[in-house]
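Trainee: The end of the sequence shown is residue 472 by our numbering, with every number in the run present.
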Amino acid sequence: MKQLLQAVKRCSTVAAVVLAAVSLQPAGATAVPNPIVGGTDADEAEFPFIVRLSMGCDGTLYRKNIVLTAAHCVDGYAPGRNTSITVTAGVTDLESPDAITRTSAVIYPAPGYDGLGKDWALIKLDKPVKLPTLKIATDTRYNEGIFTIAGWGATTEDGEQQRYLQKATVPFVSDDACQAAYNGDLIPDEELCAGNIDTGGVDACDGDSGGPLFRRDDAGAWIQVGIVSWGQGCAEPGYPGVYTEVSTFAADIARAATRL
Ligand code: 4AZ
């Protein structure tokens, strides 16, 4: 929601036009195609590296004791030693008795994060989890194609957070097309975009922030290329989701993780 508000602030003119357009829709027309928006239930153990954070964001296991998430998710938390975030892992059903929980030990927002770009953070856990990690892209070669997104966020723009992990696929959107959609608000070296730019209908949404945009690498292994960051609403035609470009920060993330 914070990011949604930020996005609205970043392009208030666009938002105003969108609101006007929506209110001009004929009765019975669907302003926003329906339900992650447009997703389905993930299978148990399909994405064992995705975790839920207690402030209502998602993250990924970068190491067995380190979660990668969005900096805007930890905005309200003092960096450094901080035990106030609970991490739920190992389940698709957040209410499952099999859920593994951990407590944050250290919170590390990206250096220089000020609300625009650099939207990544690490959370060190009090102890490791015995679950697979998700490797991150270290160059731009996987910034194309069809991506998977998954999370416990809202399934409609004003919808509720989900109990069961949702998944969906979204195509890459070029920096040029995304930049045009957002009136120059994209930071192309630090962000990448994905979504059905013409039709909308599938997207990350409120509460999916911090979770991964990922795909298969050439060897068939999952690789993370993005972190859910912001967008104008959810799944609206013309407004793709914006993700932190992981490869840009891969070296910074690796260095920070070794020192955490
Ligand atoms: C949010 O508020 C949020 N459609 C996350 C992703 C998107 C919009 C909002 C992208 O967490």
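Ideal placement from N, C-alpha and C gives every residue a C-beta, glycine not left out. It should be emphasised that the depicted structure is a prediction, and the values quoted were computed from it without experimental measurement.
Would you check if there are 3 or more beta carbon pairs closer than 8 Å linking the region 338-354 to the region 277-284?
Mentor: With the cut-off at 8 Å, the region 338-354 and the region 277-284 touch.
Trainee: Count Cβ pairs between the region 256-264 and the region 398-405 that sit closer than 8 Å; are there 3 or more?
Mentor: The region 256-264, when compared against the region 398-405, does not touch it at the 8 Å Cβ threshold.
Trainee: Apart from the five residues just before and just after V286, which ones in its own chain have a Cβ nearer than 6 Å to its Cβ?
Mentor: In the sequence shown, residue 286 corresponds to position 74, counting from 1. Once the five neighbours on either side are set aside, the close Cβ partners of V286 are I319, P321, A333.
Trainee: I need the straight-line Cα distance from T242 to G450, nearest angstrom please.
Mentor: Within the sequence shown, residue 242 is the residue found at index 30, counting from 1. Within the sequence shown, residue 450 is the residue found at index 238, counting from 1. With a pLDDT of 38 at T242, under the threshold of 50, the predicted position of this residue should be treated as unreliable, though the coordinate-derived value follows. If I take the Cα positions, the gap works out to 15 Å.
Trainee: Mapping DSSP to helix, strand and coil, what is R314?
Mentor: Taking the first residue of the sequence shown as position 1, residue 314 is located at position 102. Of the three classes helix, strand and coil, the one that applies to R314 here is strand, per DSSP.
Trainee: Cβ of C417 within 7 Å of any heavy atom in ligand 1?
Mentor: As a first step, residue 417 is located in the sequence shown; it is residue number 205 there, counting from the start. Yes, since a heavy atom of ligand 1 falls inside the 7 Å radius drawn around the Cβ of C417.
Trainee: For K330 and D310, I'd like the C-alpha separation in whole angstroms.
Mentor: In the sequence shown, counting from the first residue as 1, residue 330 sits at position 118. In the sequence shown, counting from the first residue as 1, residue 310 sits at position 98. Cα to Cα, the separation comes out at about 34 Å.
Trainee: Please indicate yes or no: does the CB of D475 lie closer than 7 Å to some heavy atom of ligand 1?
Mentor: Since the displayed the chain opens at 213 and closes at 472, residue 475 lies outside it and no answer follows.
Trainee: When the distance is taken between beta carbons, is V385 closer than 8 Å to I409?
Mentor: On the sequence shown, residue 409 is found 197 positions in, with the first residue counted as 1. On the sequence shown, residue 385 is found 173 positions in, with the first residue counted as 1. Yes, these two residues count as a Cβ contact at 8 Å.
Trainee: Is the region 421-428 in contact with the region 290-302, if contact means three or more CB pairs nearer than 8 Å?
Mentor: They do not touch, by the three-pair rule.
Trainee: For the region 295-369, which segments carrying the beta strand (DSSP E) assignment without a break, of at least 3 residues, lie completely within its bounds, in sequence order?
Mentor: Here the runs fully enclosed are 298-301, 312-321, 333-337, 358-363.
Trainee: In this structure, does DSSP put A416 in helix, strand or coil?
Mentor: Within the sequence shown, numbered from 1, the residue matching residue 416 stands at position 204. Note: A416 maps to coil in three-state DSSP.
Trainee: Below 6 Å CB to CB, which residues in the same chain sit around P340 once its five sequence neighbours on both sides are set aside?
Mentor: What you label residue 340 is simply residue 128 of the sequence shown in a count that begins at 1. Excluding positions up to five away in sequence, the list reads K276, N277.
Trainee: Cα separation between A290 and D420?
Mentor: Locating residue 290 in the sequence shown gives position 78, counting from the first residue. Locating residue 420 in the sequence shown gives position 208, counting from the first residue. In a straight line, the C-alpha of A290 is about 22 Å away from that of D420.
Trainee: I think I465 touches K379, with their Cβ atoms under 8 Å apart; what is that distance to the nearest whole Å?
Mentor: Against the sequence shown, residue 465 aligns to sequence position 253. Against the sequence shown, residue 379 aligns to sequence position 167. I465 to K379, Cβ: 24 Å. No contact.
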